[in-house]
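Right, one structure below, let's go through it.
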Amino acid sequence: MIKRTVGYPLLALMLTACVTINIYFPAAAAEEAARTIVRDVLKSEQTEPAPSSQEGDKQSAWTQANPVLVAFGLMLEQLVPEVQAAQADIDINTPAIRAIRSSMQRRQGSLAPFYRSGAIGFDSKGSVAVRDLAAAPLKDRNRLKKLVADENADRANLYREIARANGHPEWEAEVRATFAKVWVQEALPGYWYQAGGGWRQR
Amino acid sequence: MAKRIRLRWLLILAPVSLSGALAAAVEISTAVESVEGEGWHVGEISLSMHSGAAGMASVSLEVGEMVLPDGQGTLHGVELECDKLQQQSNGWHCSEGRLRAEESPIGTQETGWNGFFNSGSDWQVDVARLELAQGTVALKLGAGQGDLSADLRVHRLAVDRLAEVAETLEPPRGWGLKGRASGSIKLRADALGPKRLYADLVLDRLNYASPDGRHAAENVVLKLDASASKRSSAWYFDIGLVLPKGAVYAEPVFVDTARGGIEAGAKGFWDAPRELVQLDAWSVQFPGVVGLSGTGRLRGSGPAIDDLTAVVRSDHAGPLYDTLLQPFLIGSAADDLEVQGSVGLVLHLDARGIEQAGLDLSGFVLSDRQGRYSLGTTDGSVAWDRERAVPVSRLTVQDASVYKIPADGFSIEARFSGDGVTLERPVVVPVSGGEVRLDSFELSGALVSGDSPRWTADASVRGVSLEKLTTALEWPPFAGQLEGQLRDMRYSGELFSVGGGLEVEAFDGSVVVRGLEIQEPLGTVPILTADAELRGLSLLAVTQTFSFGRIEGRLDGQINDIRLIAWQPDSFDMHLYTPADDDLKHRISQRAVENLTEIGNGISAGLSTTFLRVFDEFRYDRIDLKVLLEGDIAELDGLAHSGGGYYLVKGAGLPRIDVIGRNRSVAWKDLVERLRRIQVEQPRIQ
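Line order of the protein sequences matches chains X and F. Counted from 1, the first sequence has number 93 at position 48 by the numbering used here; the numbering is strictly sequential. Counted from 1, the second sequence has number 892 at position 342 by the numbering used here; the numbering is strictly sequential.
Below, the structure written as C-alpha cells:
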C-alpha cells in the first residue's frame, strides 16, 4: 500500500517530467528545400540542368544488388515515406521567398560569367565572395561588386525568410549553413567554392 | 669620407709640360691599384695620354672594377677614351669619345661621348646613348657659372626593368607592371643642392595590376609635364598630367577615356621642413563627366588636408553619378539610379572634414531603375555649414514618385546645418488629387561619415483619392478619399515607423492603423507590419466601391498582425463584423449573398435558380467574417452555427436567408482569385 501510495505519484511525476517536446531543425527537409532553390537559381544560366550523378549511381546499385537486399530495400521504401511524412516539412512557397528566388534567378545570368572566370565563388557561409577581382575586366569590376552585394542581400533575406516562414526565426543560422553546403554541392562545372580555408574549382 | 689611394706603379715615358700646350710628342701612362672610400671602390685604374701634335691629344682611362656606393652595383671593364682631345681657348674638348663597360648595373654599354673640360667648375659631358631597361638614355652632365646640370633624355625605357635598376621605382610586392617611359628630365643644382627640375615624360602602354585586383590600369598613355624650382626651403611646382588613352581602376572608381582625355594639374609649393604643401590651384577635368578645381593646403608627413576648396561642375550628371558617385553607394538604395541634368558643388574642407558645402541643381532628374522612387526635374540650391547658420535652401521639384504613387510638383525650403535639416515651411506634395503635407522633418546622420541616416517627421494626408492611389498601386480600386495624420514618423536602422498611428477617413467611417513599421522599405524584400481597426464603415459605400452587390449597415473590425512581405500579404488576423449598436438598416442584395457565398464556399449560392430570385434584397441580423492568413493558407470562420459550418451572414425576417460557410481552410491564392473574379465580373467603380 505504501509502495502504491508513494510509487504511483512518483511514477506519474517521472512520466510527466519526461514529457519534453523538442523541435529539432529538420535538416533533411531543409537540405531538400535548399537543393530545390539552388538548382532553380543555377539553372537560370543554362538550358539543361546538370545531370545528377548520384541518381545514376543509385540506379546502378539497385540493379546490381542481391535480390534479398532489393526486397528488403523495397520494404524499407514503403516504410520510409511514412516516417518522412511525420517529419517537419520546410515551406519555401511564400510570397517573400518567391520574390527573392525570382530576383536571384534574374541575376544569375549576369553572375554566371564571373563564376566561370573565377572572379567570384561560393564562400563557406552561404554567400558569394569576390575571389579574384582581377579576373573581371576593369570596366565590369564595380558592376560585379554591385551584383555580389545584391546577391548577398537576397541570400540573407532568403535564409531569414525561410526560417521565419517556418515559424522558427532562430533557425536562420542553420538554414544558412544548409544552403552553404548545398551551393557548393550544386556548383556547376568551372565554378569556384571555398573549402578548407582555400578556393577550389568544380 | 675616408679615402685611400694605393699606387702600384708609375711610369713616365716622356717629359711632360702641364703648364701649356703640348709642344712635342708626349706619352704618359699611369696606373693606380685602387681608390677606396666608404661604401665604394675603384680598382685597376690605368690612364694613358698621348700627344702627337700641338693642341691635340688622345686619352684613355680604364677601370677594372668600380663598386658604386649605397649598393648601387658594380661595373667591370670600364673604358673611357677620346682620340680627338683638342685644346681650345676655353679648355680641352673631346669631339669623338667612346665609353665602354663590359658589365654594369644597366648591362653592357658601348657608346660615344663628347664634351669639354676647362676647370672643375666649367665642364660638360654628353653621352649619346646608353642602353637601359630595353630602351636608351642620352645623358648630358655639366658645370658652368656655378651650376651643375644633368639632362636626361630617355626613350622607351621599360618601367618594369627600371624597377630592377632603381629600388625607389619598384612597385609594391606582387604588383604586375608593364609600360614604357620616354621624354626628358633636366636637373639644375648649385653648391647648396638641386634647385630646378623639369620633366617632360610620356608613359605609354602602361599596364599595372595589384594582386587583389583593387588597382589596375590597361593600355594607359600618361603625359607628365612638370617643372619645379627651389626658393629658400620650398620647392615651387607646376605639374600637368594628361591621360589621353587607357582605363584605370582604383577601387571603387573606374575611369576611361571614352569621352576624351583626362587632364589634371596643380601649382603650388612644397616646403619639406615645414611639412607643408600649398596648392595655389589644382584641377581635374573629365571630359563629358565633370570638372573639378580648387585650392588647398596639406600638412604633416602624411600629408593630411588642412584646408581645401573644391569646385565641382558637371552638365552631365548621369556620367558623373555612374563614374564617381555610384561606386561609393553600392549596397545602398541609391546604387541603381538614372540621373540627368547639371550639378554644381562647392566644398570647403578643413582638418576636421567638410566645413561648408553648396549644391546647385539645374534640370536635375533622378529615377531608380528598380522603380522604387523618382525625382522629376529639380532646380535650386542647397547650402550647408557644419556649425554656422546658413541661408535658406530652396528646391523646386516638378514631379516625383515613391514606388508607383505619383506626386505633382512641390517645393522645399529648408535650412541644412550641422547634422540636420529643418524645414523653413511645410512641404506640400500633391498626391492623387489630394496632398501630403510634411509639417516637420529632421534628418541626422546623413552628413556624418560612418553614421547611418535617420530622420523623424510629422505629416498629414488630405483629400488623396483612394481610387487613384489604389489604381497606381495596382490594387483593387477603392473609392473615397484618404485623410489622416502621420505623426511621429521615424526612419532609423533601415526601419520606417509611424509611432503616432495613421487615421484614414474612408467609407463614412474610419480606419486606424497602429504600429505601422516597414523594415528595409527600399530593400529587395520590404516587410510591413501593422495593426488596423475599422470603425463604423458604411457597408453601402464599401460594396459600391468593390462592386460586390449591395449591403447596407455598418461594419467594424480588427485586422491584427498584418504582415506584408514584398508588399504581398503574408499573414494577418482579420475579424469583420456588424457592430452591436448599429442603427442602420441591415439589408443585403441577392448579388451580395451570391458573392459572400462564393467567398465562403467557393461556389455560387445559385439563388437565381430558386424562388428567392424574385427578391432583390434580404434583411440580415449580423455579418461576421474571420480570416486568419498564415502563409498560403487562409482559415475562414464566422458566427458559430449549430449545424456545422459558420454564419457569414445571419439572416433576419422573412424570407430569411443565412449564408453559412462550410470551408474553413482555403488557399489564399484561391480566395484572392474569388475576389478578383467578382471584381472582374462586375466592374462598377463609383
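Backbone N, C-alpha and C fix where the C-beta goes; we use that ideal spot for every residue, glycine too. Just so we're clear, the structure is a prediction, and the values are computed from it rather than from any experiment.
Determine the direct distance from the alpha carbon of Leu-916(F) to that of Glu-768(F), and round the result to whole angstroms.
Within the second sequence, residue 768(F) is the residue found at index 218, counting from 1. Within the second sequence, residue 916(F) is the residue found at index 366, counting from 1. If I take the Cα positions, the gap works out to 32 Å.
Can you tell which of Ser-596(F), Ala-575(F), Val-576(F) has its C-alpha closest to the C-alpha of Val-585(F)?
Along the second sequence, read from residue 1 onward, the residue named residue 585(F) stands at position 35. When only C-alpha atoms are compared, the closest one is Ser-596(F).
Measure the alpha-carbon distance for Ala-784(F) versus Ala-778(F) and round it to whole angstroms.
Indexing the second sequence from 1 puts residue 784(F) at position 234. Indexing the second sequence from 1 puts residue 778(F) at position 228. Taking the straight line from one Cα to the other gives about 10 Å.
Can you pull the chain F residues whose beta carbon is under 7 Å from the beta carbon of Thr-81(X), in chain order?
Here residue 81(X) refers to the residue found at position 36 when the first sequence is read from its first residue. In chain order: nothing, as chain F lies at least about 16 Å away.
Under three-state DSSP, which class holds Lys-817(F)?
Your numbering for residue 817(F) matches position 267 in the second sequence. Lys-817(F) falls in the strand class under three-state DSSP.
Using a Cβ cut-off of 8 Å (strictly closer), state whether Arg-186(X) contacts chain F.
Working through the first sequence from its first residue, we reach residue 186(X) at position 141. So, interface residue.
Hey, is Ala-141(X)'s beta-carbon within less than 8 Å of any beta-carbon in chain F?
Position 96 of the first sequence, counting from 1, holds the residue named residue 141(X). At least one chain F Cβ lies under 8 Å of Ala-141(X).
By the DSSP assignment, the beta strand (DSSP E) with Ala-964(F) in it spans what residues?
The count along the second sequence starts at 1 and reaches residue 964(F) at position 414. Start and end: 960–967.
Over the uninterrupted beta strand (DSSP E) stretch that includes Leu-1084(F), give me the two end residues.
For the purposes of this step, residue 1084(F) is taken as the residue at position 534 of the second sequence. Leu-1084(F) -> beta strand (DSSP E) spans 1077–1088.
I'd like to know whether the C-beta of Trp-244(X) is nearer than 8 Å to at least one C-beta of chain F.
In the first sequence, residue 244(X) corresponds to position 199, counting from 1. No, Trp-244(X) does not count as interfacial toward chain F.
My output table needs one value for Tyr-1041(F): the three-state DSSP class, helix, strand or coil.
Counting from one through the second sequence, the residue named residue 1041(F) turns up at place 491. Tyr-1041(F): strand per DSSP, three-state reduction.
When DSSP builds the beta bridges, which residues end up paired with Ile-595(F)?
Start at 1 with the first residue of the second sequence, and residue 595(F) comes out as number 45. BP columns for Ile-595(F) point to Val-582(F), Val-613(F).
Is it buried or exposed, Ile-1207(F), if we count other Cβ atoms within 10 angstroms and call 16 or more buried?
Position 657 of the second sequence, counted from the first residue, corresponds to residue 1207(F). Buried is the call here.
Could you check whether the Cβ of Lys-190(X) sits closer than 8 Å to any Cβ belonging to chain F?
Translated into positions along the first sequence, residue 190(X) becomes position 145. Yes, Lys-190(X) counts as interfacial toward chain F.
Under three-state DSSP, which class holds Thr-873(F)?
For the purposes of this step, residue 873(F) is taken as the residue at position 323 of the second sequence. If DSSP states are grouped into helix, strand and coil, Thr-873(F) belongs with the helices.
Does DSSP classify Trp-725(F) as helix, strand or coil?
For the purposes of this step, residue 725(F) is taken as residue 175 along the second sequence, with counting starting at 1. It is coil, neither helix nor strand.
If you check the beta carbons only, do Ala-933(F) and Gly-894(F) fall under 8 Å apart?
Here the question's residue 933(F) lines up with position 383 in the second sequence. Here the question's residue 894(F) lines up with position 344 in the second sequence. Not closer than 8 Å, so no.
Suppose you measure from the CA of Ile-1210(F) to the CA of Trp-237(X); what does that come to, to the nearest Å?
For the purposes of this step, residue 1210(F) is taken as residue 660 along the second sequence, with counting starting at 1. For the purposes of this step, residue 237(X) is taken as residue 192 along the first sequence, with counting starting at 1. Using only the alpha carbons, I get a separation of about 60 Å.
Note down the Cα distance separating Leu-1221(F) from Arg-1214(F), rounded to an integer number of angstroms.
Here residue 1221(F) refers to the residue found at position 671 when the second sequence is read from its first residue. Here residue 1214(F) refers to the residue found at position 664 when the second sequence is read from its first residue. Leu-1221(F) and Arg-1214(F): Cα-Cα distance of roughly 12 Å.
State the Cα-Cα distance for the pair His-1191(F) and Tyr-1197(F), rounded to the nearest angstrom.
In the second sequence, counting from the first residue as 1, residue 1191(F) sits at position 641. In the second sequence, counting from the first residue as 1, residue 1197(F) sits at position 647. Approximately 6 Å between the Cα atoms of the pair.
Which ranges would you report for the beta strand (DSSP E) in the segment 808–854 of chain F if only whole runs of at least 3 residues count?
DSSP runs (the beta strand (DSSP E)) wholly in the segment 808–854 of chain F: 812–821, 826–836, 840–849.
Is there a C-beta anywhere in chain X that falls below 8 Å from the one on Asp-1220(F)?
Taking the second sequence and counting its residues from 1, the one referred to as residue 1220(F) is at position 670. Not an interface residue.
Apart from the five residues just before and just after Phe-966(F), which ones in its own chain have a Cβ nearer than 7 Å to its Cβ?
Taking the second sequence and counting its residues from 1, one reaches residue 966(F) at position 416. Taken in chain order, the residues that qualify are Val-932, Ala-933, Trp-934, Val-940, Ser-943.
Only counting the same chain, and skipping five residues up and downstream in sequence, which positions put a Cβ closer than 8 Å to that of Ser-851(F)?
Here residue 851(F) refers to the residue found at position 301 of the second sequence. Glu-825.
Between the segment 1023–1037 of chain F and chain X, which residues of the former have a C-beta closer than 7 Å to a C-beta of the latter?
Result list empty, no residue passes.
How many whole angstroms separate the CB atoms of Gly-959(F) and Asp-969(F), which I take to be in contact at a CB cut-off of 8 Å?
On the second sequence, position 409 is the one that residue 959(F) refers to. On the second sequence, position 419 is the one that residue 969(F) refers to. 29 Å between Cβ atoms; not a contact.
Note down, in chain order, all residues in the segment 795–818 of chain F with a beta-carbon under 9 Å from any beta-carbon belonging to chain X.
For the segment 795–818 of chain F, which is checked against every Cβ of chain X, the residues closer than 9 Å are Ala-797, Val-798, Tyr-799, Glu-801, Pro-802, Val-803, Phe-804, Asp-806.
Using the Cβ count rule (16 or more neighbours within 10 Å means buried), how would you classify Glu-714(F)?
One-based indexing of the second sequence puts residue 714(F) at position 164. Result: exposed.
Taking Asp-134(X) as the query, report the chain F residues whose CB atoms sit under 8 Å from its CB, ordered along the chain.
By one-based count along the first sequence, residue 134(X) stands at place 89. Near Asp-134(X) there are no residues of chain F at all, since even the closest Cβ is about 12 Å away, more than 8 Å.
Which of helix, strand or coil does DSSP assign to Asp-717(F)?
Translated into the one-based positions of the second sequence, residue 717(F) becomes position 167. Checking the sequence, you will find Glu at residue 717(F) rather than Asp. Glu-717(F): helix per DSSP, three-state reduction.
For Ile-1183(F), count neighbouring Cβ atoms within 10 angstroms of its own Cβ and tell me buried if that reaches 16, exposed if not.
One-based indexing of the second sequence puts residue 1183(F) at position 633. The residue in question, Ile-1183(F), is exposed, as its Cβ has fewer than 16 Cβ neighbours within 10 Å.
Short check: CB of Gln-230(X) to CB of Ser-169(X), under 8 Å?
Counting from 1 along the first sequence, the entry for residue 230(X) is found at position 185. Counting from 1 along the first sequence, the entry for residue 169(X) is found at position 124. For Gln-230(X) and Ser-169(X), no; Cβs fall outside 8 Å.
In the segment 219–238 of chain X, which residues sit with their C-beta less than 9 Å from some C-beta in chain F, listed in chain order?
For the segment 219–238 of chain X, which is checked against every Cβ of chain F, not one residue is closer than 9 Å.
Anything in chain F within Cβ reach of Ala-210(X), meaning under 7 Å, just list it in chain order.
Taking the first residue of the first sequence as position 1, residue 210(X) is located at position 165. Within 7 Å Cβ-Cβ: Gly-1181.
Any beta-carbon of chain X closer than 8 Å to the one on Gln-1118(F)?
For this step, residue 1118(F) is matched to residue 568 along the second sequence. Closer than 8 Å to some Cβ of chain X, the Cβ of Gln-1118(F) qualifies, so yes.
Which of the three DSSP states is assigned to Ser-147(X) in this structure?
As a position in the first sequence, residue 147(X) is number 102, starting the count at 1. Ser-147(X) falls in the helix class under three-state DSSP.
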